[in-house]
Amino acid sequence: MKSKRGLKGPEDLRARAEENLKSEPDRLGDTSLEDANSLIHELRVHQIELEMQNEELRRVQNDLEISRARYADLYDFAPVGYLTLNKHGQIVDLNLTAARQLGIERGRLLNKHFQYSVFQPDKKEFFSHLNAIFDRRERQIAEVRLSPKGGDQFYARLESIYSEGEDGTGLCRTNMSDVTLRSRAEEALRESQQMLHLVLDTIPARVFWKDLDLNYLGCNRSFALDAGLQSPKEIVGRNDFEIVWGEQAQLYRSDDLEVIKTRRPKLGYEEPQTTPGGDKIWVRTSKVPLFDVKGEIRGVLGTYEDITDHKRADEELRRAHYELERRVEERTSALEKANKELRQIPSRLISVQEEERKRLASELHDSIGQTLAAVKLWVEMALRLRDEGVGSAALDRLEQFVPILQRSIEETRNIYMGLRPPMLDNVGLLATLEWLRNECMKLYPQRHIELETGVAEEEIPENLKVNIFRIAQEALNNIAKHSKAEWVDITLSNDGNGIELVISDDGVGMNLDQILQTSTARSLGLTSMRERAELTGGSFSIESTPGEGTTTRAFWPIEAVDQLQ
Ligand SMILES: Nc1ncnc2c1ncn2[C@@H]1O[C@H](COP(=O)(O)OP(=O)(O)O)[C@@H](O)[C@H]1O
Ligand SMILES: [Mg+2]
378 MKSKRGLKGP
388 EDLRARAEEN
398 LKSEPDRLGD
408 TSLEDANSLI
418 HELRVHQIEL
428 EMQNEELRRV
438 QNDLEISRAR
448 YADLYDFAPV
458 GYLTLNKHGQ
468 IVDLNLTAAR
478 QLGIERGRLL
488 NKHFQYSVFQ
498 PDKKEFFSHL
508 NAIFDRRERQ
518 IAEVRLSPKG
528 GDQFYARLES
538 IYSEGEDGTG
548 LCRTNMSDVT
558 LRSRAEEALR
568 ESQQMLHLVL
578 DTIPARVFWK
588 DLDLNYLGCN
598 RSFALDAGLQ
608 SPKEIVGRND
618 FEIVWGEQAQ
628 LYRSDDLEVI
638 KTRRPKLGYE
648 EPQTTPGGDK
658 IWVRTSKVPL
668 FDVKGEIRGV
678 LGTYEDITDH
688 KRADEELRRA
698 HYELERRVEE
708 RTSALEKANK
718 ELRQIPSRLI
728 SVQEEERKRL
738 ASELHDSIGQ
748 TLAAVKLWVE
758 MALRLRDEGV
768 GSAALDRLEQ
778 FVPILQRSIE
788 ETRNIYMGLR
798 PPMLDNVGLL
808 ATLEWLRNEC
818 MKLYPQRHIE
828 LETGVAEEEI
838 PENLKVNIFR
848 IAQEALNNIA
858 KHSKAEWVDI
868 TLSNDGNGIE
878 LVISDDGVGM
888 NLDQILQTST
898 ARSLGLTSMR
908 ERAELTGGSF
918 SIESTPGEGT
928 TTRAFWPIEA
938 VDQLQ
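Using the working numbering, you'd call the opening residue of the sequence shown number 378 and step up by one each time.
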């Protein structure tokens, strides 16, 4: 646009023309008048032509001046800052907007380094932007914070291109706009997104959302872990068939569709879920329709929590409750039974007593009564003989009393043995059992009775001895009366856990149920054995199979034994 000579107006042109004329040879002398006139005419025409050209040039120059001013105006007052930097970052040129943005008068900014205005932490970013321009010569964009002189720091977006100056040196042409508002908005958005993620990842529930095709759009961290994924990003675009809980996909999707179709939430229902490890857990799920800002349905949002432990605890509680009720019932009926038995004990004791008295009465009648009657008869007879004077015959008769009295003594012994065998106090339980066995053997010689005692006399409490003896006695009585057994084993032992008395026979046995169901009077012996055992803290049992014999067992645990000592 600029010319070296420039256009400096008609006066200047005239002066130069005259100068040129002086150096040319004056040819007018040899010219005729006619020629001179024609030459003058031509010169005039030429002069007018030149003046017209001059006028035209002046107009063009004016236009150019206006246009230049307009471009300068456009440049200087553009709404963005324009900067031209060299490769060191020095400002070669800038518009007024850029100067205002940097808070320094334009003239004072020329040749200054632009980086002085860049906020320290962002300087690196600026240099890499600048270097990229000169290295790659391609358009570059960067965002840096600038600290203008006397003004507030702001975010500047630098968009630069490479160009060359008139002398061929590389330049960076940059437009610089204040994007603080946008950056702040972006930052706020970023912060609120971060907060949202933080909230989603912190709440103690799994959260997920799907589009209308039931493909996942997102989820929180705990949901991703449940799905066997590393991070929530991996869920995007998948559907339930492609996740560890494929087995339940159909179930989940039908709920999703229901929520989408009805546009109504489905809340707090329980359903199973397969874990990445292949276990089954229980979850409580809620799903709600997902609407966009315009109120149009976009998909479904769901949450759930793992209630497996809760459910298990519930189940256990229910089971414990049931078990407790069952036990209470069991105890109640046991108590009722015990109560009933207790109520019966006095009457039974009385009947046992009666029974015992009856037996005693008949024993006395049959044995001592008979003997005494016989003795009385014989004494009377002897006295009669003495009165008749047959003294020696009377004395002879007395001799016959001896065996009768002897028998009577034995019978009496049998009777008191039946009440409380004195042997027990004199020689102890073990010897008494031995005696009992021998007595039984004497009565039924064809029956073999074994007695085995694996317990020391002093290990057995005194109070227990009579009970053990009575139980053994009644068991042997029953064997004698009912069993027709050939072999009988009696063992009394103490294995450290307690004292046990076992009497077994190989006799006819019995149908226990039947015996216990029929009249109680018939099983008085069995009942008294049981009561003797239980009243002293022990337990009692009878096992019997018809045709295979009977085993009677009484057991006193060591605690009961200790208590009796
Ligand atoms: N060792 C046994 N072998 C076979 N039957 C027995 C034996 N012990 C008891 N019994 C049966 O049990 C019943 C009840 O016995 P128990 O109560 O002692 O009454 P009792 O001996 O007075 O009949 C007996 O009548 C008998 O039928
Ligand atoms: Mg009996």
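C-beta: ideal position from N, C-alpha, C; glycine also.
For F504, the three-state secondary structure derived from DSSP is helix. For I880 against A852, the beta-carbon gap comes to about 4 angstroms, under 8 angstroms, which counts as contact. In the DSSP assignment, T809 falls within the unbroken alpha helix (DSSP H) covering L806 to L820.
Counting along the chain, D683 sits inside the beta strand (DSSP E) bounded by residues I674 to D683. DSSP places D633 in the uninterrupted alpha helix (DSSP H) bounded by A626 to T639. With 6 angstroms as the limit, the residues whose C-beta approaches a heavy atom of ligand 1 more closely than that are N855, I856, K858, H859, S860, D882, G884, V885, G886, M887, I892, R899, S900, L901, G902, L903 and T927, in chain order.
The C-alpha of P822 lies about 24 angstroms from the C-alpha of M887. CA-CA distance, K500 to N552, rounds to 17 angstroms.
For A475, the enclosing alpha helix (DSSP H) covers residues L473 to L479. Ligand 2 never approaches E732 closely enough for any of its heavy atoms to be under 8 angstroms from the residue's Cβ. Not one heavy atom of ligand 2 sits closer than 8 angstroms to the Cβ of E908. H465 carries a coil assignment under DSSP once its states are collapsed to helix, strand and coil. Exclusion of the five residues before and after V457 leaves T474, N552, M553 and S554 as the residues of its chain whose Cβ lies within less than 7 angstroms of its Cβ. F511 carries a helical assignment under DSSP once its states are collapsed to helix, strand and coil. Residue environment: R930 is assigned as buried (16 or more neighbouring CB atoms within 10 Å of its CB, all protein chains considered). Of all alpha-carbon atoms in L634, R630, L628 and L594, the one lying nearest the alpha-carbon of R615 is that of L594. In this structure, ligand 2 has no non-hydrogen atom nearer than 8 angstroms to the beta-carbon of E757.
Per DSSP, A852 is not a residue of any beta strand (DSSP E); the alpha helix (DSSP H) it occupies stretches across E839 to N855.
In the structure shown, S494 adopts helical secondary structure according to DSSP, grouped into three states.
When the beta-carbon positions are compared, I468 and F491 come within less than 9 angstroms of each other. In the DSSP assignment, L523 falls within the unbroken beta strand (DSSP E) covering Q517 to L523.
Counting along the chain, Q891 sits inside the alpha helix (DSSP H) bounded by residues L889 to Q894. Within a 10 Å sphere around the beta-carbon of M906 sit 16 or more other beta-carbons, which makes this residue buried.
Linking V677 to K464 through their CA atoms gives a straight-line distance of about 56 angstroms.
Taking a contact to require three or more Cβ pairs closer than 8 angstroms, the region 628 to 638 and the region 673 to 689 qualify as touching. Cα atoms of E442 and Y448: separation of roughly 10 angstroms, rounded to the nearest angstrom. In the structure shown, I425 adopts helical secondary structure according to DSSP, grouped into three states. A straight line joining the alpha-carbon of V613 with that of G623 spans about 16 angstroms. If you look at D764, you'll find it in the alpha helix (DSSP H) that goes Q747 to D764. Ranking L523, S444, I417 and V576 by CA distance to the CA of R598 puts V576 first. Burial check for A562: the Cβ neighbour count within 10 Å stays below 16, so the residue is exposed. Distances between the C-beta of E765 and the heavy atoms of ligand 2 are all 8 angstroms or more. In summary, P609 is buried, with 16 or more beta-carbon neighbours lying within 10 Å of its beta-carbon over all protein chains present. Around the CB of N414, fewer than 16 other CB atoms lie within 10 Å, so the residue is classed as exposed. A buried status is given to F585, since no fewer than 16 other beta-carbon atoms sit within 10 Å of its beta-carbon.
If you draw a straight line from the Cα of L410 to the Cα of E395, it is about 23 angstroms long.
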